[in-house]
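S.K.: Right, I'll just put the structure down here and ask away after.
Residue numbers (the numbering used here): 1392 to 1531.
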């Protein structure tokens, strides 16, 4: 009888430790992730005239309280969905549309993409509010 009571007490203690561990892990994770963010710096969409310089403002990435900027991957696509060699491949000498896709090599943001659209137009046509329109295509 004494052995059965000891076994029940041990099981109760183990369950209490398990519950305390799960609850405390939840609150620690909430605390560590409260300032996490992955956002585009500047506007999500730019409309430039031909020969106007484009300077990418990048993204801000914080995961689990750490700066993850060094883990940002940048891919650039043209209007035909061809992958280009990088930001320098954005040709501002002629009209076109480019998508800049930002991803992060991180457990926290592994499936999230942020997309910036850069449109190069002739001098006659300039969109007064390029942020008013959503991105036209998305890559996965």
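In this text, a Cβ means the ideal position worked out from N, Cα and C, and glycines have one as well.
Owing to the predicted nature of the structure, the values given are computational and were not obtained by experimental measurement.
For residue 1478 and residue 1512, what's the separation of their Cα atoms in angstroms?
M.R.: Taking the straight line from one Cα to the other gives about 18 angstroms.
S.K.: Could you compute how far the alpha carbon of residue 1508 sits from the alpha carbon of residue 1447?
M.R.: Approximately 11 angstroms, taken between the alpha carbons.
S.K.: Please state if the CB of residue 1432 and the CB of residue 1450 are separated by a distance shorter than 8 angstroms.
M.R.: The answer is yes: Cβ separation under 8 angstroms.
S.K.: Whole-angstrom Cβ separation of residue 1454 and residue 1416, contact assumed at under 8 angstroms?
M.R.: 17 angstroms between Cβ atoms; not a contact.
S.K.: Looking at the structure shown, is residue 1507 part of a helix, part of a strand, or coil, going by DSSP?
M.R.: Here residue 1507 sits in strand by DSSP.
S.K.: Hey, how far is the Cα of residue 1429 from the Cα of residue 1504?
M.R.: Residue 1429 and residue 1504: Cα-Cα distance of roughly 9 angstroms.
S.K.: To the nearest angstrom, report how far apart residue 1514 and residue 1441 are at their CA atoms.
M.R.: Their backbone Cα atoms lie some 7 angstroms apart in a straight line.
S.K.: Got a sec? Which residues, its chain only, sit under 6 angstroms from residue 1422 by beta carbon, not counting five neighbours each side?
M.R.: Excluding positions up to five away in sequence, the list is empty.
S.K.: Where does the unbroken beta strand (DSSP E) through residue 1495 begin, and where does it stop?
M.R.: Looking at the DSSP string, the run of the beta strand (DSSP E) that includes residue 1495 is 1487-1495.
S.K.: So residue 1475 and residue 1463 are supposed to be a Cβ contact under 8 angstroms. How far apart are they, rounded?
M.R.: Contact flag wrong, Cβ pair sits at about 17 angstroms.
S.K.: How many angstroms separate the CA atom of residue 1398 from the CA atom of residue 1456?
M.R.: Rounded to whole angstroms, residue 1398 to residue 1456 spans 42 angstroms at the Cα level.
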